[in-house]
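Visitor:
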Amino acid sequence: MRRARTKATRGVLALRGVTPARQARSEATFHALIRAGRKALDAKSVDQMTIGAIARAARASVGAFYGRFASKEAFFSAIQEIMVSDIEAQLEARLARPEFAAAGDAEFLADVAMFPVGVFPRHRWLDVASVKHAYGRRGRRERTARGGDHLSGQI
Numbered sequence: 026m027r028r029a030r031t032k033a034t035r036g037v038l039a040l041r042g043v044t045p046a047r048q049a050r051s052e053a054t055f056h057a058l059i060r061a062g063r064k065a066l067d068a069k070s071v072d073q074m075t076i077g078a079i080a081r082a083a084r085a086s087v088g089a090f091y092g093r094f095a096s097k098e099a100f101f102s103a104i105q106e107i108m109v110s111d112i113e114a115q116l117e118a119r120l121a122r123p124e125f126a127a128a129g130d131a132e133f134l135a136d137v138a139m140f141p142v143g144v145f146p147r148h149r150w151l152d153v154a155s156v157k158h159a160y161g162r163r164g165r166r167e168r169t170a171r172g173g174d175h176l177s178g179q180i
């Protein structure tokens, strides 16, 4: 049974070099590869990660990896897109709370300012890996900044 595609998954599928899953098993492999990549980024930079190690950790083949991602760059872009979309969804949910609408300016700004403090520990590897890997690479820098732009656009 296929799961409904989330906003993050739809965003990933729009990326160059990412092939959409057509079967439930293929979608499961896609998500297993993403989880393995996220875990690998806890300990290594993108450049230090190997496709073989990611595939082994996901219990998939290197061929399965390349069946879904054209390159390690496309894979890292997919991970970034999923995490940035997750952060955006968390922010939107936070801003939609009724108590947020009733908050005064100081309380609103304090709560918004604390949002990154709560997000960073959960996504520390994304921030570190993105900065290390992305500096000077067109497209990646814009995607990394999108979360901050989204936050400032909500204020």
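Be aware that the sequence shown starts at 26, since it is given in our numbering, and climbs by one per residue.
For every residue, glycine included, the Cβ atom is placed at its ideal position computed from N, Cα and C.
Please name the residue or residues paired with F100 in a DSSP beta bridge.
Guide: Translated into the one-based positions of the sequence shown, residue 100 becomes position 75. In DSSP, F100 forms no bridge with anything.
Visitor: Which two residues bound the contiguous alpha helix (DSSP H) that contains P45?
Guide: Counting from one through the sequence shown, the residue named residue 45 turns up at place 20. Element bounds for P45: n/a, residue is neither H nor E.
Visitor: Quick check on the burial criterion: 16 or more other C-beta atoms within 10 angstroms. Buried or exposed for R41?
Guide: Mapped onto the sequence shown, residue 41 falls at position 16. With fewer than 16 Cβ atoms within 10 Å of its Cβ, R41 is classed as exposed.
Visitor: May I have the straight-line CA-CA distance separating R47 from H56, to the nearest angstrom?
Guide: The residue labelled residue 47 in the question sits at position 22 within the sequence shown. The residue labelled residue 56 in the question sits at position 31 within the sequence shown. Spanning the two alpha carbons is a distance of roughly 13 Å.
Visitor: Taking the alpha helix (DSSP H) that A78 belongs to, which residues open and close that run?
Guide: Translated into positions along the sequence shown, residue 78 becomes position 53. Per DSSP, A78 belongs to the alpha helix (DSSP H) from 76-82.
Visitor: In whole angstroms, what separates the C-alpha of E132 from that of I112?
Guide: Indexing the sequence shown from 1 puts residue 132 at position 107. Indexing the sequence shown from 1 puts residue 112 at position 87. Between E132 and I112, the C-alpha separation is close to 21 Å.
Visitor: Can the beta-carbon of V144 be found closer than 8 Å to that of A103?
Guide: Along the sequence shown, read from residue 1 onward, the residue named residue 144 stands at position 119. Along the sequence shown, read from residue 1 onward, the residue named residue 103 stands at position 78. No; because the gap between Cβ atoms is not below 8 Å, this pair is not in contact.
Visitor: With a threshold of 8 Å, are at least 3 pairs of Cβ atoms found where one atom belongs to the stretch 50-64 and the other to the stretch 80-92?
Guide: The stretch 50-64 is in contact with the stretch 80-92.
Visitor: If you draw a straight line from the alpha carbon of Y91 to that of A80, how long is it in whole angstroms?
Guide: Here residue 91 refers to the residue found at position 66 when the sequence shown is read from its first residue. Here residue 80 refers to the residue found at position 55 when the sequence shown is read from its first residue. If you take the alpha carbons of Y91 and A80, they lie about 10 Å apart.
Visitor: Are the Cβ atoms of I76 and I107 separated by less than 8 Å?
Guide: Indexing the sequence shown from 1 puts residue 76 at position 51. Indexing the sequence shown from 1 puts residue 107 at position 82. Contact: no.
Visitor: Please report the straight-line C-alpha distance between L66 and A127, rounded to a whole angstrom.
Guide: As a position in the sequence shown, residue 66 is number 41, starting the count at 1. As a position in the sequence shown, residue 127 is number 102, starting the count at 1. Their backbone Cα atoms lie some 39 Å apart in a straight line.
Visitor: Distance check for P45 and Q73, CA to CA, integer angstroms please.
Guide: Position 48 of the sequence shown, counted from the first residue, corresponds to residue 73. Position 20 of the sequence shown, counted from the first residue, corresponds to residue 45. Using only the alpha carbons, I get a separation of about 26 Å.
Visitor: For F94, list the residues DSSP reports as bridge partners.
Guide: Stepping through the sequence shown from its first residue, residue 94 is reached at position 69. V43, per the DSSP bridge assignment.
Visitor: Are there 16 or more other CB atoms within 10 angstroms of the CB of S110, so buried, or fewer, so exposed?
Guide: Here residue 110 corresponds to residue number 85 of the sequence shown, with the count starting at 1. Looking at its Cβ environment, which holds 16 or more other Cβ atoms inside 10 Å, S110 is buried.
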